[in-house]
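A short worksheet on the structure shown next.
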Amino acid sequence: MTVEADGFAEAGLRFEVDGKIATITLDRPEKRNAQTFATWTALARIGADLPEQVRVVVIRGEGPSFSAGIDLRMFSPEGVPGQGSLASQAGLGDEAFDRRIAQAQEGFLWLRRPEIVSVAAVRGHAIGAGFQLALACDLRILADDAKLCMKEPALGLVPDLTGTKPLVDLVGLPRALEICLTARTVGADEAHALGLAELVVPSGELEQTVADLAAALLATDRGAATATKRLLAGAAGRTLAEQCAAERREQTARVRELFARS
Ligand code: CAA
């Protein structure tokens with residue numbers, strides 16, 4: 320079922336829900352799915368209104384590219400009609416500017432929620448905001464023609480759409496530095512070797528592979544999946560003793576719920 324909402328088409332997005340699986344399609348292929356503030360606002364809105372039954376969220380791009388990143392019109396004095404430009408944003412006060420970026424980040428943050436598993440299906444280029452959107456997802460499945468690039472430093476900016484932490488977590492600081500500060504393109508096979516992709520498949524098999532993965536993810540109990548994601552996601556920030564305590568807490572809740580059910 321396609322969910323129609325004011326602004327999704329203008330934001331270059333399509334949103335479909337099929338039972339427990341939601342699919343967000345970046346849908347401006349003629350502009351290589353370039354993203355605007357409206358895209359990020361719409362993403363945040365999808366996150367806020369996500370139907371309760373959804374357990375897997377797939378993000379894909381229509382056409383040959385996942386996303387060519389921020390709409391380059393934002394760099395022009397005119398900007399994107401109705402959304403201003405980076406130059407007009409620069410005139411905001413510190414607090415207002417901070418709020419503006421935080422609003423954009425909302426579009427990316429919800430993809431880490433424990434109740435869902437988010438999957439990026441990446442074909443072709445994922446540049447800048449496109450790479451960061453893929454990094455915001457829990458899992459990345461790449462077509463063999465995928466090309467990842469953190470272009471922001473080459474344009475005088477920093478990656479600010481929640482991508483720096485997952486990048487460092489996945490590849491380590493030295494490799495993250497090298498990838499960002501050279502703004503070079505990482506191909507699919509290298510991305511896989513670095514841990515940036517769970518799987519690389521021939522381009523024609525991307526959709527089916529992602530559908531199979533979504534089905535496999537739905538095979539586990541929802542409560543257990545949510546608690547396990549919470550546990551795993553928190554592991555890096557805890558000591559072993561703290562993690563053991565977290566395991567005990569989660570398991571106590573699981574066992575109680577299972578026995579209450581039977
Ligand atoms: N913004 C706006 N329009 C874009 C775009 C972008 N980011 N990327 C591509 N397009 C448009 C092109 O202008 C072109 O439009 P026209 O047909 O009207 O001329 C159309 O999309 C097709 O583009 P190409 O002919 O270049 O397509 P391609 O398949 O040969 O190349 C590409 C694809 C490698 C992605 C190339 O288009 C490209 O390099 N795009 C720019 C990428 C970029 O620098 N993005 C900014 C990243 S930094 C970032 O995202 C910052 C942030 O978050 C703050």
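Remember, this note's numbering sits 319 above the position in the sequence shown when you count from 1.
A virtual CB, placed ideally from N, CA and C, is assigned to each residue, including glycine.
- One thing to note: F356 has its Cβ no nearer than 9 Å to the Cβ of A453.
- Taken in chain order, the whole alpha helix (DSSP H) runs of length 4 or more contained in the region 393-480 are 405-409, 413-428 and 448-455.
- The C-beta distance from R442 to G380 rounds to 6 Å, short enough to fall under 8 Å.
- Residues of the same chain with a CB within less than 8 Å of the CB of R431, apart from the 5 flanking positions on each side, are S437, A455, D457 and A552 in chain order.
- Relative to the non-hydrogen atoms of the ligand CAA, the Cβ of Q354 comes within a distance shorter than 8 Å of at least one.
- Per DSSP, A341 is one residue of the beta strand (DSSP E) stretching across I340 to L345.
- Here the alpha carbon of L411 sits roughly 22 Å from the alpha carbon of P472.
- In this structure the region 466-483 does not touch the region 517-527; the number of beta carbon pairs closer than 8 Å is below three.
- R568 carries a helical assignment under DSSP once its states are collapsed to helix, strand and coil.
- At a threshold of 8 Å, E569 does not count as near the ligand CAA, since its beta carbon sits no closer than that to any of the ligand's heavy atoms.
- Its chain contains E335, V336 and D337 as the residues whose beta carbon lies nearer than 8 Å to that of M320, once the 5 sequence neighbours on both sides are disregarded; these appear in chain order.
- Using a 10 angstroms sphere on the CB of A554, the tally of other CB atoms stays under 16, which defines it as exposed.
- Annotation: A361 to G426 spans about 7 Å, alpha carbon to alpha carbon.
- Approximately 5 Å separates the beta-carbon atoms of L467 and A445; this is inside 8 Å, confirming the contact.
- When DSSP states are grouped into helix, strand and coil, G491 belongs to the coil group.
- Burial is judged here by how many other beta carbons sit within 10 angstroms of a residue's own beta carbon; L496 has fewer than 16 and is exposed.
- In this structure L515 touches V490 by the C-beta definition: roughly 7 Å separates them, less than 8 Å.
- The C-beta of F450 has 16 or more other C-beta atoms within 10 Å across all chains shown, which makes the residue buried.
- When the Cα atoms are used, A502 and M469 turn out to be separated by approximately 5 Å.
- In terms of Cα proximity to A448, the closest of L486, S395 and E509 is L486.
- With a cut-off of 8 Å on Cβ pairs, the region 366-374 is not in contact with the region 404-421, counting fewer than three such pairs.
- Excluding sequence positions up to five before and after E329, its CB lies within less than 8 Å of the CB of A357, all in the same chain and listed in chain order.
- Within the same chain, and ignoring the five residues on either side of E569 in sequence, the residues whose Cβ sits closer than 6 Å to its Cβ are A546 and L550.
- Nearest Cα to P478 within the set A423, P433, P396 and L461: A423.
- With a cutoff of 9 Å on beta-carbon distance, R364 and G401 are scored as not near each other.
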